[in-house]
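Engineer: The structure follows.
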């Protein structure tokens, strides 16, 4: 299950969603909005998500993880919109009989999500400036 | 922070405990009591913990993880006593600026805890039988 | 000439000052669309970091575009 | 002869039928204590899987024991 959410991520609810009586090992990854990046102090984060494709690609990532590291349950939610420091930006949870697959599948999912999904992060700095992450070489050169 | 608890593990509380404004990546491992082991159907789990040494060795494990994979916050709680299927037996949470250290430290901690801490697991099966896990070769040979 | 709807995302949208526009373009591939709209999105380096989708399916820069297609121009992603 | 308090855990305790006892033992090492109490804990294979602590510190099977020590005999652990 992959979802994009414009609301605060309900981690308790998501954790319950990967319960299975056969599960013995559970690995959860959370990405939190942190107050620093590359030496600058961050005040807020903003995620832009192109939802139709993000949902499709997100489901593909989970299906591929299931092929590689068979597990029992997995889900992932990614935020869109404005986040305060400490807010959960992405939640990935995997439960399986044993811990090895849970760790590996969880890591695979978050790594792939960061590479493949049409999601962009804008940092708002305390000095009032803002910037799109990973975009040093796009647009700046031709900036108006 | 390492603790042994005879009460249900409060995962929400523990998650809050590893919050840090500098943390961007959080990895949580949970061990759940599962209903099957080596082909037998399990009804309940029972953990015996020698608390003075478990606490000491648990703190050592976290300190060693911090040396190897520097992180910002970590905590671990292990249950003692009787658990129902689905109950959380052990919780490990690590938060750090980036996800790589969080994943690696979390995995290191749970692996080490399973090897080094004086904790024993007894499975109670649906057929009324019970057995200590990992103890096929101890005592059985000389069983009364 | 083909009628192509081009959608801009994130920094491309901000640079272009609009979400999408429909243009008459002499374009054979997605890369042609990228280059012909360079004055809008402002990026000088498409391949490797930027991505493209055609009609809501991820595509390659060498993918052919047809009359009536919608081409989505994605700056480097940064999920998580 | 040394006065040694021996504590049994988990399956060892169940096999022995008691938590601990104080014994007069002709023991030089932790391994000696393990072997001299074999009829209590019942295990035939100490090293590799079982562990030992002396006075609440993890020890080796070759560690020396002294008069008045408490020796903790641990069957194979299974945390998590």
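Chains as they are written, first to last, in my numbering: chain A, 300 to 443; chain B, 300 to 443; chain C, 3 to 82; chain D, 3 to 82.
C-beta atoms are modelled at their ideal positions from N, C-alpha and C, and glycine is treated no differently.
For residue 409 of chain B, collect the residues of the same chain with a Cβ closer than 6 Å to its Cβ; drop the 5 residues on either side in sequence, then sort them by chain order.
Structural biologist: The residue given as residue 409 of chain B occupies position 110 in the second chain. Contacts found: 328, 391.
Engineer: Is the shortest distance between the beta-carbon of residue 417 of chain B and the beta-carbons of chain D less than 8 Å?
Structural biologist: By one-based count along the second chain, residue 417 of chain B stands at place 118. Answer yes: the Cβ-Cβ gap between residue 417 of chain B and chain D drops below 8 Å somewhere.
Engineer: Find the residues of chain B that neighbour residue 58 of chain D, judging by a C-beta separation of less than 7 Å, and give them in chain order.
Structural biologist: Mapped onto the fourth chain, residue 58 of chain D falls at position 56. Result: 351, 352.
Engineer: Can you name the residues of chain B whose CB is closer than 7 Å to the CB of residue 335 of chain A?
Structural biologist: Sequence index remark: in the first chain, residue 335 of chain A carries index 36 (1-based). Simply 321.
Engineer: Verify whether the separation of the beta carbon atoms of residue 425 of chain B and residue 342 of chain B is less than 8 Å.
Structural biologist: One-based indexing of the second chain puts residue 425 of chain B at position 126. One-based indexing of the second chain puts residue 342 of chain B at position 43. Against a cut-off of 8 Å, the Cβ pair of residue 342 of chain B and residue 425 of chain B comes out as a contact.
Engineer: Between the alpha carbons of residue 24 of chain D and residue 7 of chain D, how many angstroms are there, rounded?
Structural biologist: Within the fourth chain, numbered from 1, the residue matching residue 24 of chain D stands at position 22. Within the fourth chain, numbered from 1, the residue matching residue 7 of chain D stands at position 5. Spanning the two alpha carbons is a distance of roughly 4 Å.
Engineer: Quick one: which chain C residues come within Cβ less than 9 Å of residue 347 of chain A?
Structural biologist: The residue labelled residue 347 of chain A in the question sits at position 48 within the first chain. Near residue 347 of chain A (Cβ distances below 9 Å), the residues of chain C are 11, 12, 15.
Engineer: What does the Cβ neighbour count give for residue 322 of chain A, buried or exposed, with the cut at 16 atoms within 10 Å?
Structural biologist: Here residue 322 of chain A is taken as the residue at index 23 of the first chain, counted from 1. Result: buried.
Engineer: Restricting to Cα atoms, I'd like to know which of D:43, D:54, D:37 is closest to residue 18 of chain D.
Structural biologist: As a position in the fourth chain, residue 18 of chain D is number 16, starting the count at 1. The candidate whose alpha carbon is nearest that of residue 18 of chain D is D:43.
Engineer: Would residue 314 of chain A be called buried (16 or more neighbouring beta carbons within 10 Å of its own) or exposed?
Structural biologist: Locating residue 314 of chain A in the first chain gives position 15, counting from the first residue. By the 10 Å Cβ count, residue 314 of chain A comes out buried.
Engineer: Please determine, among C:68, C:80, C:76, the residue with the shortest C-alpha to C-alpha distance to residue 11 of chain C.
Structural biologist: Sequence index remark: in the third chain, residue 11 of chain C carries index 9 (1-based). Looking at the Cα atoms, C:76 is the closest of the given residues.
Engineer: Counting C-beta neighbours from all protein chains within 10 Å, is the total for residue 356 of chain B 16 or more, i.e. buried, or is it exposed?
Structural biologist: Reading the second chain from its first residue, position 57 is the one you call residue 356 of chain B. Flag for residue 356 of chain B reads buried.
Engineer: I'd like to check one pair, residue 417 of chain B with residue 476 of chain B: are the Cβ atoms closer than 8 Å?
Structural biologist: In the structure as shown, chain B starts at 300 and stops at 443, and residue 476 of chain B therefore has no counterpart that could be examined.
Engineer: Cβ of residue 433 of chain A less than 8 Å from any chain C Cβ?
Structural biologist: Position 134 of the first chain holds residue 433 of chain A. By this cut-off, residue 433 of chain A is an interface position.
Engineer: Of all the CB atoms in chain A, is at least one closer than 8 Å to the CB of residue 402 of chain B?
Structural biologist: Working through the second chain from its first residue, we reach residue 402 of chain B at position 103. Chain A, which has a Cβ nearer than 8 Å to the Cβ of residue 402 of chain B, makes this yes.
Engineer: Buried or exposed: residue 70 of chain C, going by 16 or more other Cβ atoms within 10 Å of its Cβ?
Structural biologist: Taking the third chain and counting its residues from 1, the one referred to as residue 70 of chain C is at position 68. Answer is exposed; the Cβ neighbour count stays below 16.
Engineer: Ignoring anything shorter than 4 residues or poking outside the region 309-396 of chain B, list the alpha helix (DSSP H) runs there in chain order.
Structural biologist: Qualifying alpha helix (DSSP H) stretches, in chain order: 310-316, 350-367.
Engineer: If you draw a straight line from the C-alpha of residue 429 of chain A to the C-alpha of residue 388 of chain A, how long is it?
Structural biologist: Looking up residue 429 of chain A in the first chain gives position 130. Looking up residue 388 of chain A in the first chain gives position 89. Residue 429 of chain A and residue 388 of chain A: Cα-Cα distance of roughly 18 Å.
Engineer: Pick from A:368, A:367, A:393: whose alpha carbon is nearest that of residue 376 of chain A?
Structural biologist: For the purposes of this step, residue 376 of chain A is identified with residue 77 of the first chain, where counting begins at 1. When only C-alpha atoms are compared, the closest one is A:393.
Engineer: Note down, in chain order, every chain B residue with its Cβ under 7 Å from the Cβ of residue 83 of chain D.
Structural biologist: The first residue shown for chain D is 3 and the last is 82, placing residue 83 of chain D beyond what the model contains.
Engineer: For residue 401 of chain A, collect the residues of the same chain with a Cβ closer than 7 Å to its Cβ; drop the 5 residues on either side in sequence, then sort them by chain order.
Structural biologist: Walking along the first chain from the start, residue 401 of chain A turns up at place 102. Cβ neighbours of residue 401 of chain A beyond the five flanking positions: 324, 325, 326, 370, 393, 394, 395.
Engineer: Thinking just about the alpha-carbon of each residue, which of B:385, B:330, B:351, B:335 is nearest to the one in residue 302 of chain B?
Structural biologist: What you label residue 302 of chain B is simply residue 3 of the second chain in a count that begins at 1. Checked all of B:385, B:330, B:351, B:335; the closest Cα to residue 302 of chain B is B:351.
Engineer: On the three-state DSSP scale, how would you describe residue 46 of chain D?
Structural biologist: Numbered from its first residue, the fourth chain carries residue 46 of chain D at position 44. Coil at residue 46 of chain D, not helix or strand.
Engineer: On a CA-only basis, which of B:379, B:319, B:340 is nearest residue 308 of chain B? Give me that one, please.
Structural biologist: For the purposes of this step, residue 308 of chain B is taken as residue 9 along the second chain, with counting starting at 1. Nearest of B:379, B:319, B:340 to residue 308 of chain B, Cα basis: B:379.
Engineer: What's the gap between the Cα of residue 316 of chain A and the Cα of residue 30 of chain D?
Structural biologist: Taking the first residue of the first chain as 1, we reach residue 316 of chain A at position 17. Taking the first residue of the fourth chain as 1, we reach residue 30 of chain D at position 28. Straight-line Cα distance between these residues: approximately 56 Å.
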